[in-house]
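Single-structure report; data block below.
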Amino acid sequence: MTVLFPKWTNKLPALLALGAAAVGLFVVFVVSFWFSPKHLDVGYQPYQPIPYSHKLHAGTLGMDCRYCHRNVEHGATASVPDLDTCFGCHKEVKKESVKLELLRTAVADEQQNTPVEWVKVHLLPEFAYFNHSIHIAANIGCASCHGRVDQMEVVRQVEPLSMAWCLECHRDPTEHIRPLDVSVTQMDWQATPESVAAAKKLLDWNGDEAPHLNPPTHCSACHR
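The sequence shown maps to residues 3 to 226 in the working numbering.
Here it is in structure tokens:
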């Protein structure tokens, strides 16, 4: 009887199965690693219609974040400054700057009430609920989520803001909770063993047991 296929072809189904499994694992790895927020979102740095330097305003001049983002203590969003807030300074400071031409034009065009269309940097999906005021009330500093904005000429995203990243903090936020005498806008603050111990005591934290005062980790906390 004539042999149509060589003997080694008997192993072909097993080799194909192993190859398919390897390709599947490779695809899962590529998607989970390269398509994660750590790679797609971290580093996002859009340019704004007016080149506003946080390094100058928050860093060199030491302006408090809440001067411009004044809703951050009272509402879900931090809010961006209105034209009057910006022009309150710049009607006297750098009055002739070319970079501020758009601001002057928008302020002069009061009838049209045309706002400056700032580009949002930190984008959360619409199905995720986040409230700034709750985190500020817990004395979580701006730098915990936004990084050293006072050193950024152009603001960029430094954390993935993913569900896993948020849950990691919610399960143990002690490294981010500041002592009450430290402002949330102090950008160079770093957690110390003493601050972590005080936060653990505040939250009644007991190792692997979920602290009863910790931030919620159930789905409805962020998906309402």
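Think of the CB as a built atom: it goes at the ideal place given N, C-alpha and C, for glycine as much as any other residue.
- Item | Beta-bridge partners of residue 179, as assigned by DSSP | Walking along the sequence shown from the start, residue 179 turns up at place 177. Residue 179 pairs with 142.
- Message: For a minimum of 4 consecutive residues, which ranges assigned as the alpha helix (DSSP H) are wholly contained in the region 22-98?
- Response: 39-42, 67-70 and 85-92
- Message: Can you tell me whether residue 102 is buried or exposed? The criterion is at least 16 other CB atoms within 10 Å of its CB, across all chains shown.
- Response: Against the sequence shown, residue 102 aligns to sequence position 100. Buried.
- Secondary structure of residue 203, DSSP reduced to three states: Reading the sequence shown from its first residue, position 201 is the one you call residue 203. Of the three classes helix, strand and coil, the one that applies to residue 203 here is helix, per DSSP.
- Measure the CB-CB distance between residue 52 and residue 118 and report whether it falls below 9 Å. As a working note, residue 52 is residue 50 in the sequence shown. As a working note, residue 118 is residue 116 in the sequence shown. Contact: yes.
- With a CB to CB cut of under 7 Å and the five nearest residues on each side skipped, what residues in its chain are close to residue 217? Within the sequence shown, residue 217 is the residue found at index 215, counting from 1. Only 172 and 175 meet the Cβ criterion.
- Query: Taking residue 189 as the reference, which of 67, 32, 204 and 46 has the closest Cα?
  - Reply: For the purposes of this step, residue 189 is taken as residue 187 along the sequence shown, with counting starting at 1. Residue 67 is the option with its Cα nearest to residue 189.
- In whole angstroms, what is the alpha-carbon distance linking residue 14 and residue 27? The residue you call residue 14 lines up with position 12 of the sequence shown. The residue you call residue 27 lines up with position 25 of the sequence shown. Roughly 20 Å separates the two Cα atoms.
- Item | Reduced DSSP category for residue 2 - H, G, I as helix; E, B as strand; rest coil | This structure cannot settle anything about residue 2, because the visible part of the chain is limited to 3 through 226.
- Closest Cα partner of residue 81 within the set 63, 33, 94 and 134: Position 79 of the sequence shown, counted from the first residue, corresponds to residue 81. Looking at the Cα atoms, 134 is the closest of the given residues.
- Assigned secondary structure, residue 174 (DSSP; H/G/I helix, E/B strand, else coil): Start at 1 with the first residue of the sequence shown, and residue 174 comes out as number 172. Three-state DSSP puts residue 174 in coil, outside helix and strand.
- Message: Pairs of beta-carbons, one from the region 52-64 and one from the region 138-155, closer than 8 Å: are there three or more?
- Response: yes
- residue 46 and residue 158: beta carbons closer than 9 Å? Start at 1 with the first residue of the sequence shown, and residue 46 comes out as number 44. Start at 1 with the first residue of the sequence shown, and residue 158 comes out as number 156. Against a cut-off of 9 Å, the Cβ pair of residue 158 and residue 46 comes out as a contact.
- Just the Cα atoms here: how many angstroms apart are residue 184 and residue 30? To locate residue 184, count along the sequence shown from 1; it is residue 182. To locate residue 30, count along the sequence shown from 1; it is residue 28. Whole-angstrom Cα-Cα distance: 43 Å.
- Item | Cβ distance (whole Å) where residue 161 is taken to contact residue 74 below 8 Å | On the sequence shown, residue 161 is found 159 positions in, with the first residue counted as 1. On the sequence shown, residue 74 is found 72 positions in, with the first residue counted as 1. Going by Cβ atoms, the distance from residue 161 to residue 74 rounds to 17 Å, so no, they are not a contact pair.
- From the beta carbon of residue 81, is the nearest beta carbon of chain C less than 9 Å away? Chain labels in this structure do not include chain C; a single protein chain is all it has.
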